[in-house]
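Participant: Residue numbers (the numbering used here): 13 to 155.
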C-alpha cells in the first residue's frame with residue numbers, strides 16, 4: 013500500500029461560541045476565539061489516500077479526480093465563508109477545527125465511491141493546519 017497526500021488551501025472565518033453555554037463559560041472555554049465578530053484562518057487541508065498502484069497508470073490516485081471531489085465537497089462550500097452563518101452544518105454545532113475536519117472527512121467519505129468506484133484508493137485521513145501550532149487529523153468518524 014502507498015499513501016498519497018494532496019494539499020489544498022481554504023480561508024474561512026468562525027466564532028467559537030456554544031449557544032447552550034453562558035457568555036462567561038464561552039469566554040472561559042474559547043477565550044479570544046469567542047470574539048463576537050469572529051476571526052479567520054488560512055487553513056491548509058491535506059487529504060491522504062492509500063491504495064496499491066494501478067497497473068495501467070502506475071498511480072494510486074488520479075490527482076484531477078481528487079481535485080474535483082475536494083473542489084465540490086470542501087472548497088466551494090467552505091472557502092471564504094463565515095462557517096457559523098453560511099454553512100448549514102455549523103448552525104447548531106460549534107465550528108471548531110476539530111468539527112471542520114470531521115465534516116470534511118464525512119463529506120469526502122460520503123461521495124468517495126462515486127468519484128473512485130470499485131477497488132480505487134481509500135480515503136485515509138484529513139489533516140488541517142489551522143495555525144503552525146494547531147494541527148488536527150481525522151481518520152474516521154462515528155455517528
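Glycine included, C-beta positions come from ideal geometry on N, C-alpha and C.
Nothing here was measured: the structure is a model prediction, and the numbers come from that model.
Distance check for residue 83 and residue 123, CA to CA, integer angstroms please.
Facilitator: Walking along the chain shown from the start, residue 123 turns up at place 111. Walking along the chain shown from the start, residue 83 turns up at place 71. The straight-line gap from Cα to Cα measures roughly 12 Å.
Participant: Using the Cα positions of residue 113 and residue 148, report the straight-line distance between them to the nearest angstrom.
Facilitator: In the chain shown, residue 113 corresponds to position 101, counting from 1. In the chain shown, residue 148 corresponds to position 136, counting from 1. Computed Cα separation, rounded: 7 Å.
Participant: Specify the secondary structure class of residue 53 as computed by DSSP and reduced to three states.
Facilitator: Counting from 1 along the chain shown, the entry for residue 53 is found at position 41. Strand at residue 53.
Participant: How would you call residue 38, buried or exposed, if buried means at least 16 neighbouring beta carbons within 10 angstroms?
Facilitator: To locate residue 38, count along the chain shown from 1; it is residue 26. With 16 or more Cβ atoms within 10 Å of its Cβ, residue 38 is classed as buried.
Participant: Do you know offhand how far residue 98's Cα is from residue 91's?
Facilitator: Numbered from 1 along the chain shown, position 86 holds the residue referred to as residue 98. Numbered from 1 along the chain shown, position 79 holds the residue referred to as residue 91. The straight-line gap from Cα to Cα measures roughly 11 Å.
Participant: Is residue 115 buried or exposed, if buried means 16 or more other CB atoms sit within 10 Å of its CB?
Facilitator: The residue you call residue 115 lines up with position 103 of the chain shown. It counts as buried.
Participant: Strictly by DSSP, which residues pair up with residue 141?
Facilitator: Position 129 of the chain shown, counting from 1, holds the residue named residue 141. The partner list for residue 141 (beta bridge, DSSP) reads 56, 147.
Participant: Counting beta carbon pairs with one atom in the stretch 56 to 63 and one in the stretch 30 to 45, are three or more of them shorter than 8 Å?
Facilitator: With the cut-off at 8 Å, the stretch 30 to 45 and the stretch 56 to 63 do not touch.
Participant: With H, G and I counted as helix, E and B as strand and the rest as coil, what does DSSP make of residue 126?
Facilitator: Here residue 126 is taken as the residue at index 114 of the chain shown, counted from 1. Helix, per DSSP.
Participant: In chain order, what residues of the same chain have a beta carbon less than 6 Å from the beta carbon of residue 141, not counting five sequence neighbours either side?
Facilitator: Residue numbering aside, residue 141 sits at position 129 when the chain shown is read from its first letter. Answer for residue 141: 56, 147, listed in chain order.
Participant: What runs of the alpha helix (DSSP H), each 4 residues or longer, lie entirely inside the stretch 91 to 125?
Facilitator: Runs found: 95 to 98.
Participant: Go through its chain and collect everything with a Cβ distance to residue 153's Cβ below 7 Å, but skip five positions before and after it.
Facilitator: As a position in the chain shown, residue 153 is number 141, starting the count at 1. The residues are 114, 117, 118.
Participant: In three-state DSSP terms, what is residue 86?
Facilitator: Position 74 of the chain shown, counted from the start, is the residue given in the question as residue 86. Residue 86: helix per DSSP, three-state reduction.
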